[in-house]
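Here the UniProt record's numbering is used: position 28 in the sequence shown is 28, and no number is missing along the way.
By construction, the Cβ of each residue, glycine as well, lies at the ideal position given by its N, Cα and C atoms.
Quick caveat, the model's predicted, so the values are computed rather than measured.
Comments concern the structure below.
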Amino acid sequence: MTTTPEQAQFDALIAADGRIEPRDWMPEAYRKTLVRQISQHAHSEIIGMQPEANWISRAPSLKRKAILMAKVQDEAGHGLYLYSAAQTLGTPRDEMTEALIAGKAKYSSIFNYPTPTWADMGAIGWLVDGAAICNQVPLCRASYGPYGRAMVRICKEESFHQRQGFEILLTLMQGTDEQRRMAQDAVDRWYWPALQMFGPPDDQSPNSAQSMAWNIKRFTNDELRQRFVGMLVPQAEVLGVTLPDPKLRWNDETQQYDMSEIDWTEFFEVLAGRGPMNAERLRRRREAHEDGAWVREAAAEYARKRAQITEQAA
Ligand SMILES: [Fe+2]
Ligand SMILES: [Fe+2]
Numbered sequence: 001m002t003t004t005p006e007q008a009q010f011d012a013l014i015a016a017d018g019r020i021e022p023r024d025w026m027p028e029a030y031r032k033t034l035v036r037q038i039s040q041h042a043h044s045e046i047i048g049m050q051p052e053a054n055w056i057s058r059a060p061s062l063k064r065k066a067i068l069m070a071k072v073q074d075e076a077g078h079g080l081y082l083y084s085a086a087q088t089l090g091t092p093r094d095e096m097t098e099a100l101i102a103g104k105a106k107y108s109s110i111f112n113y114p115t116p117t118w119a120d121m122g123a124i125g126w127l128v129d130g131a132a133i134c135n136q137v138p139l140c141r142a143s144y145g146p147y148g149r150a151m152v153r154i155c156k157e158e159s160f161h162q163r164q165g166f167e168i169l170l171t172l173m174q175g176t177d178e179q180r181r182m183a184q185d186a187v188d189r190w191y192w193p194a195l196q197m198f199g200p201p202d203d204q205s206p207n208s209a210q211s212m213a214w215n216i217k218r219f220t221n222d223e224l225r226q227r228f229v230g231m232l233v234p235q236a237e238v239l240g241v242t243l244p245d246p247k248l249r250w251n252d253e254t255q256q257y258d259m260s261e262i263d264w265t266e267f268f269e270v271l272a273g274r275g276p277m278n279a280e281r282l283r284r285r286r287e288a289h290e291d292g293a294w295v296r297e298a299a300a301e302y303a304r305k306r307a308q309i310t311e312q313a314a
């Protein structure tokens, strides 16, 4: 097979750790991988608003309510930057939305778990946004320009999300026995799903090698998971919570944390749509989309009239 000049230029840019921009030629498989990854990421941000929105009206104080609202709004913003980044690859936004509400698109499984207590707001910020940071900081250097640039701002906001979650848990852990139990229970429920956010073990992650060769991914799933656990252990000590893994300990020989086997059966069940909240999340997303139809119609009509005025003036 001969290499075309475009392919050679693309390869050279990747080899030099350069950036691919929307106007540049790129292999179809690279484009497809990015559309899949960025749109799934966008969907996750948007669906991810739901578990926490559940507590906005019941936040324990005005201050907590304001913080939580800001956090959930940030997630909406993340979804929008990411849909825009995916659109630069030629996939219309409508198409991505349609795939999501039809139940054909994937999003992070973590958002298919319920949020029964206020402590869940703490555990989500600390563990889910914490895992998101570990995943996303290396994506700031992703080879596709619009994706990497969107991630820079997203990561700054994720740091705030993680801190606010940590602070909710810290406050609960300094409270009554009941509050401490509530915090520990939330950590117990979110810990394993958060570890699953990094994806299957390296030997079962078929697309990883190609994504790393293209400089989209910089570290493997297991490397990122280890890094995350390494970040959690000292923070759990400060909080006074127990990470729910009896086998978790530092191994001097491997220079890694030993941990229990992750239950991947549960992960794949939730991914296949059989998690506790999958149907509810999609139902709510579909309903919000339908409720917003008049806004889209009004915006399209406004754009049509503006174009008409500009045309007449020309
Ligand atoms: Fe986010
Ligand atoms: Fe976040």
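Candidates the options, of which the one nearest residue i by Cα
i	options	result
A105	Q136, R149 and H43	H43
H289	S39, R31 and I46	I46
M173	A119, Q9, G90 and V270	A119
V72	A186, A8 and E157	E157
P27	E95, Q40 and Y144	Y144
E280	G103, W25 and A307	G103
I110	N278, T310 and A298	N278
R163	Q87, L89, R284 and Q235	Q235
D129	R149, F160, R141 and A142	F160
L271	Y107, G77 and R304	Y107
Y191	R149, W250, M69 and G125	G125
K32	Q210, K305, L62 and G230	Q210
W264	P193, I216 and R304	P193
R180	E297, Y147, R141 and G122	G122
A142	T310, L62 and Q37	Q37
L232	W25, L127, E301 and W294	L127
D24	E253, A70, A293 and G90	G90
W250	E269, G230 and F268	G230
R274	E95, N112 and L62	N112
L13	W214, E95 and Q196	W214
beta-carbon residue i near ligand 1 non-hydrogen atom, thresh 7 Å
i	result
E52	no
I154	yes
H78	yes
E261	no
E45	yes
Near ligand 2: residue i beta-carbon under 7 Å from a heavy atom
i	result
D129	yes
A132	yes
H41	no
E158	yes
D74	yes
H289	no
6 Å Cβ shell around residue i - same chain, five flanking residues per side excluded
i	result
Q136	M151 and C155
F228	A131 and C134
F219	P138
R286	I101
S260	D245 and K247
E75	E45, G48 and M49
H78	E45 and I154
D291	none
Neighbourhood of residue i by C-beta distance below 7 Å, restricted to the same chain and skipping five residues each side
i	result
N221	F198, G199, P200, P201, D202, S205 and S208
Q226	Q256 and Y257
E21	G145
P60	W118
R93	Y83 and Q87
K65	I56 and A59
M182	T117, A119 and L172
P114	P276 and M277
R284	Q50
Neighbourhood of residue i by C-beta, 8 Å cutoff - its chain only, sequence neighbours within 5 removed
i	result
R153	Y81
Q40	A105, K106, Y107 and S108
A29	Q210
L34	A86, L89, Y144, Y147 and I216
E253	none
M69	I56
Residue-chain proximity (residue i, chain C), Cβ-Cβ < 8 Å
i	result
R218	As a matter of chain content, chain C is missing from the structure shown, which is built from one protein chain.
Given 8 Å, three or more beta-carbon pairs between the region 41–57 and the region 14–26: no
Would you call the region 88–104 and the region 157–167 touching, i.e. three or more CB-CB distances under 8 Å? no
Is it true that the region 233–252 meets the region 5–15, where meeting means three or more beta-carbon pairs spaced less than 8 Å apart? no
Touching by the beta-carbon criterion (3+ pairs, under 8 Å), the region 234–242 and the region 182–189: yes
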